[in-house]
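Same order as they appear, the protein sequences are chains A and B. Whatever position you read off the first sequence (first residue = 1), add 13 for the numbering used here. Whatever position you read off the second sequence (first residue = 1), add 13 for the numbering used here. Each residue gets a CB set at the ideal place from its N, CA and C atoms; glycine is no exception.
Protein chains: 2
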Amino acid sequence: MPELDFYFDFSSPYGYLASERVDALAERCGLSVYWRPFLIGTAFKQTGQSPLTEQPIRGDYFRHDMDRCARLQGTPFKLPEKFPYAAVAPCRAFYWINSFDPKLAQKFAHDVYRGYFADGLDMSNPETVIATATRHGIDAGRIRHAMTDPKWKQHLREVNEQAIERGAFGSPFFFYKNEPFFGNDRMDQLELWIKSQA
Amino acid sequence: MPELDFYFDFSSPYGYLASERVDALAERCGLSVYWRPFLIGTAFKQTGQSPLTEQPIRGDYFRHDMDRCARLQGTPFKLPEKFPYAAVAPCRAFYWINSFDPKLAQKFAHDVYRGYFADGLDMSNPETVIATATRHGIDAGRIRHAMTDPKWKQHLREVNEQAIERGAFGSPFFFYKNEPFFGNDRMDQLELWIKSQA
Numbered sequence: 014m015p016e017l018d019f020y021f022d023f024s025s026p027y028g029y030l031a032s033e034r035v036d037a038l039a040e041r042c043g044l045s046v047y048w049r050p051f052l053i054g055t056a057f058k059q060t061g062q063s064p065l066t067e068q069p070i071r072g073d074y075f076r077h078d079m080d081r082c083a084r085l086q087g088t089p090f091k092l093p094e095k096f097p098y099a100a101v102a103p104c105r106a107f108y109w110i111n112s113f114d115p116k117l118a119q120k121f122a123h124d125v126y127r128g129y130f131a132d133g134l135d136m137s138n139p140e141t142v143i144a145t146a147t148r149h150g151i152d153a154g155r156i157r158h159a160m161t162d163p164k165w166k167q168h169l170r171e172v173n174e175q176a177i178e179r180g181a182f183g184s185p186f187f188f189y190k191n192e193p194f195f196g197n198d199r200m201d202q203l204e205l206w207i208k209s210q211a
Numbered sequence: 014m015p016e017l018d019f020y021f022d023f024s025s026p027y028g029y030l031a032s033e034r035v036d037a038l039a040e041r042c043g044l045s046v047y048w049r050p051f052l053i054g055t056a057f058k059q060t061g062q063s064p065l066t067e068q069p070i071r072g073d074y075f076r077h078d079m080d081r082c083a084r085l086q087g088t089p090f091k092l093p094e095k096f097p098y099a100a101v102a103p104c105r106a107f108y109w110i111n112s113f114d115p116k117l118a119q120k121f122a123h124d125v126y127r128g129y130f131a132d133g134l135d136m137s138n139p140e141t142v143i144a145t146a147t148r149h150g151i152d153a154g155r156i157r158h159a160m161t162d163p164k165w166k167q168h169l170r171e172v173n174e175q176a177i178e179r180g181a182f183g184s185p186f187f188f189y190k191n192e193p194f195f196g197n198d199r200m201d202q203l204e205l206w207i208k209s210q211a
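Here it is as structure tokens:
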């Protein structure tokens with residue numbers, strides 16, 4: 014099956030909105046999706062950007078836009094009070110789970126996103142991330158250990174570096190055979206593109 | 014007829030792409046469109062932003078995105094070598110024409126945009142702007158005078174100030190009864206919104 018790379022930050026509202034649409038897109042297009050959580054803070058250092066909600070004038074607009082986009086696509090959404098956060102814990106947990114069960118890792122990623130953006134859970138707290146994983150039968154002790162394991166720390170660093178090398182400067186960011194698409198609002202174009210390449 | 018405010022910068026690629034779609038949208042929705050060229054450079058000073066093409070990493074992506082969006086909507090587009098430019102001359106000329114013939118001002122605006130983004134004309138040169146206006150039977154001497162008239166200088170300053178007060182920080186920027194939509198990529202949402210309010 015053709016492959017789609019889906020880069021996202023667990024603290025990104027538009028990444029969350031995209032995550033709620035990507036499975037259906039993949040099914041319509043007959044794709045495998047590689048979920049690649051990363052930290053856009055690393056990219057911001059190179060692009061000179063900052064979180065949208067912290068930008069003068071633009072912040073107010075984008076808060077409104079997030080709500081409106083979520084409503085339009087029918088996705089429950091409430092910008093958390095503690096926003097943004099450095100999503101190190103869920104990223105490391107994701108890659109550990111992904112190493113033995115990619116499908117489970119995607120379910121876990123959905124739950125992390127929904128927990129944070131729909132259910133008001135504090136995902137900056139590693140224990141909340143652990144609690145989210147145990148819902149899927151994952152052992153709390155094992156995931157807690159993985160989240161501080163140098164192996165997964167290093168893996169996340171490499172994903173971040175690779176993302177920036179490929180030009181992924183925001184979330185969500187898609188690559189289909191190296192064709193880049195940035196933003197939840199480019200998913201329609203992404204789908205047209207994929208179908209035009211078939 | 015209900016009214017739509019269409020803010021744009023004559024140097025903005027996405028503003029140009031939107032200008033090629035806004036007449037059809039207005040017809041479908043039964044709207045009057047108020048074209049309001051302004052200078053986003055003024056807004057950038059307050060938002061801390063810079064022209065997309067000058068931003069590290071993001072610049073390459075957005076050049077590609079502009080081309081792709083233009084192709085997809087069937088609009089001739091080539092990013093000029095001299096880009097961006099401070100579109101003071103076409104703005105002042107627009108508001109002068111607009112004061113006696115708004116429909117003609119819109120035709121003139123289309124020609125300024127197409128001249129710059131499709132035909133390779135240097136619109137940063139006031140004489141090119143004047144030449145564009147004379148195609149519509151406007152007297153060269155009169156428009157040349159208007160473009161340095163303190164009245165239209167002041168008018169443009171006021172438009173810029175009002176745009177920022179309303180939160181228009183980029184181009185294109187639409188307001189429908191104070192509901193804000195930023196970007197060529199929000200025109201579908203804008204249309205849904207307008208129809209939902211009917």
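| Item | Value |
| --- | --- |
| Residues, ordered as in the chain, of the segment 17-46 of chain A that lie near chain B by beta-carbon distance below 9 Å | none |
| Touch test, the segment 68-79 of chain A against the segment 173-193 of chain B, Cβ-Cβ under 8 Å, three pairs minimum | yes |
| Close beta carbons around residue 209/B, own chain, < 7 Å, minus the five adjacent residues each side | none |
| Cβ of residue 198/A within 9 Å of any chain B Cβ | yes |
| Any 3 or more C-beta pairs closer than 8 Å across the segment 194-205 of chain B and the segment 36-49 of chain B | yes |
| Below-9 Å beta-carbon distance, residue 56/B vs any chain A residue | yes |
| Member of 29/A, 106/A, 66/A whose CA lies at the smallest distance from the CA of residue 155/A | 106/A |
| Boundaries (first-last residue) of the alpha helix (DSSP H) holding residue 76/A | 71-86 |
| Pair within 9 Å by beta-carbon distance, residue 130/B and residue 92/B | yes |
| Assumed close pair residue 136/B, residue 108/B - CB separation to whole angstroms, cut-off 8 Å | That belief does not hold up - the Cβ atoms of residue 136/B and residue 108/B are roughly 16 Å apart, past 8 Å. |
| Helix, strand or coil at residue 107/A according to DSSP, with G and I counted as helix | helix |
| Cutoff 9 Å: residue 63/A Cβ touching any chain B Cβ | yes |
| Distance, residue 78/A Cα to residue 124/A Cα | 23 Å |
| Closer than 9 Å to chain A by CB, residue 145/B | no |
| Contact test: residue 79/A Cβ vs the ligand COA heavy atom, cutoff 8 Å | The model depicted lacks the ligand COA and carries no ligand whatsoever. |
| Per DSSP, the bridge partner or partners of residue 184/B | Paired residues: none, contrary to the question. |
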